[in-house]
Amino acid sequence: MRKQCVIYPPIEELRPTKAQAFLRALVYLLRNATLCSLVTTVFTAPFFYQVYLPLPVIRHLPPVLLFLVTFQFLCHALPWFTFNAFYLLLDSVHPEFGFAPGWRDKYPLLRELGDYFAQFKLTRRPMQIPSQSLILRTIGKVFVEQYMVTPLLGYVFFNYVCPVAPEDMMPNPHQPLIGLSDKHHSTWFVFLSLIPHFVLANLLNEVGFFLVHGFVHYNSWLYRTFHKQHHEYTGTISIAAEYASVTEEVFANTLPSVGYFFYFFFAYTNAQVIARRGAVGGDASQLWLESARAWPLAMTWMWARLWETYESHSGYCFSDTTLGKLGLLHGHRARFHDFHHTHNLSNYGSGIIMDALCDTMDPYLKHTFARRIKDSVDKHSAEKSKRSTEMIFPMVLREHSPTKKQQQEQKESAKKK
Ligand SMILES: [Zn+2]
Ligand SMILES: [Zn+2]
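The following block contains the structure:
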């Protein structure tokens, strides 16, 4: 077969201008923040105050445990299960690379599911499919970290290091306020006032992740010591998002992700405690008011952030689906980060703006350009061959294209058999 050679234009022509990069980032950030704000206002906050906190099992937990269960289970373990169960199921029943081919033979519905979602799978070579031992190692690591290490560290921190008493760190279940103001405002005001917080949380995550991630790629010793583990996945699946060294987990993932909202917890809680100590007759039940307001925001943010990172590592790109076109999924970011893993090159941020500003995505731009050319050539030649086939065999094509009635008859006879 003749190999096609792509002639690239100068890289400056492939790069988006800074104005384009800002505009795209602005659209993404505003859309994402508006959705997060809406979900917080109409779902997370009512759920948190009216369903979760009044639960007897939750209400009777000691404050430190309540904090850890809320953060570790509600904000992390639950989204981990929810999103990864979905992607792992798709990976299990994929027609070519499925981990559980037996399921396809046993359950026709799963076979159809695998066949349908296979069209969204990004290109994989057999050597890029993760081994069973790597998958088991990743799941084992997650369980040890989520259910042993983090709770233990949290317990030590809140009991022996944190200057704020644990009972000051959980909100009063009867306090239905959200937002970061101590005044009662309309739902519309709260909804609008939350938007900037999600924009800032997203930006902090993009900048923090880009700087730390770019730095460990820049220095070969740092890469080998801290980041190579994450790149054991050359064709990622969703759970690969959290397969990394502890140092990378803390500095590249956890701190940029939770930094913004946890600043509110501790800054506000500290400010309240200091105010209480300074004021005679301060009301202890009001202590958590300010910091408590950040919980529903943090919960929504954690679910949105984890969804994004699992989808970015899933190896599936849903940009062409209706949800993707509406901007409710992260197909662009999945393709963007997938290139980083499959080529171990460029794309150090999460695809919002930093790589476009710092010109650190040139190989990806060339790759995307070549893919577009290849797609248009393929489409053109497919149309051409279809036209020539139609010209040569019009009768044959007509004979071999069953009508709706014929299709129905074929289905019925298949059922009878
Ligand atoms: Zn990397
Ligand atoms: Zn990654």
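Numbering (the numbering used here), first residue to last: 341 to 757. Even for Gly, the Cβ is constructed at its ideal location relative to N, Cα and C. Predicted, not measured: the structure shown is a model, and the values here were computed from it.
query, result
"Taking Y368 as part of the alpha helix (DSSP H), name the residues at either end of that continuous run.", "358-379"
"Who are the Cβ neighbours of N687 in its own chain at under 7 Å, not counting the five residues just before and after it?", "F676, H677, F679, H680, D695, M701, Y704"
"Would you call the segment 396-412 and the segment 434-449 in contact, with 3 or more CB pairs under 8 Å?", "no"
"State buried or exposed for T463, treating a residue as buried only when at least 16 other CB atoms are found within 10 Å of its CB.", "exposed"
"With DSSP collapsed to three states, give me the class of Y656.", "strand"
"Just the residues with CB closer than 6 Å to a heavy atom of ligand 4, in chain order, which are they?", "No copy of ligand 4 occurs in the structure displayed; its ligands are ligand 1 and ligand 2 alone."
"Is D660 buried or exposed, if buried means 16 or more other CB atoms sit within 10 Å of its CB?", "exposed"
"So, is C345 buried or exposed, given that buried needs 16 or more other C-beta atoms within 10 angstroms?", "exposed"
"Where does F529 land, buried or exposed, given buried means 16+ other C-beta within 10 angstroms?", "exposed"
"Applying the criterion that 16 or more other CB atoms from any shown protein chain within 10 Å of the CB defines a buried residue, is W635 buried or exposed?", "buried"
"Rounded to whole angstroms, what's the CA-CA distance from V482 to V586? Just pull it up for me.", "11 Å"
"Identify, in the order they occur along the chain, each residue of the same chain with its Cβ nearer than 6 Å to the Cβ of S597, setting aside the five sequence neighbours on each side.", "N545, R645"
"Taking only the alpha-carbon atoms, compute the straight-line gap between A638 and N593 and give it to the nearest angstrom.", "15 Å"
"Shortest alpha-carbon distance to N372 belongs to which of N542, N684, H720?", "N542"
"Check for me: the alpha helix (DSSP H) holding D445 runs from which residue to which?", "441-446"
"Using 8 Å as the Cβ pair cut-off and three pairs as the minimum, do the segment 456-476 and the segment 566-582 touch?", "yes"
"Taking all protein chains shown into account, decide if M467 is buried (16 or more other Cβ within 10 angstroms of its Cβ) or exposed.", "exposed"
"CB-CB under 6 Å to V409, same chain, minus the five flanking residues each way: which ones, in chain order?", "none"
"Is the segment 424-434 touching the segment 642-658 in the sense that three or more CB pairs, one from each, lie closer than 8 Å?", "yes"
"Give me, in chain order, the residues of the same chain whose beta-carbon lies closer than 6 Å to that of G494; leave out the 5 immediate sequence neighbours on both sides.", "L408"
"Are there 16 or more other CB atoms within 10 angstroms of the CB of L663, so buried, or fewer, so exposed?", "exposed"
"Under three-state DSSP, which class holds K461?", "strand"
"With 16 as the cutoff for other CB atoms within 10 Å, does Y603 come out buried or exposed?", "exposed"
"What distance in whole Å lies between the Cβ atoms of T565 and T384, which are believed to be in contact at a cut-off of 8 Å?", "Contact flag wrong, Cβ pair sits at about 38 Å."
"At what residue ranges does the segment 653-715 contain a whole run of the alpha helix (DSSP H), taking only runs of 4 or more?", "662-665, 671-683, 694-698"
"Measure the C-alpha to C-alpha separation of F388 and F421 and round it to an integer number of angstroms.", "19 Å"
"Look at the Cβ atom of F709, then the Cβ atom of L378, and state whether they are nearer than 7 Å.", "no"
"Which same chain residues, not among the five before or five after Y368, have their C-beta less than 8 Å away from its C-beta?", "G667, I692"
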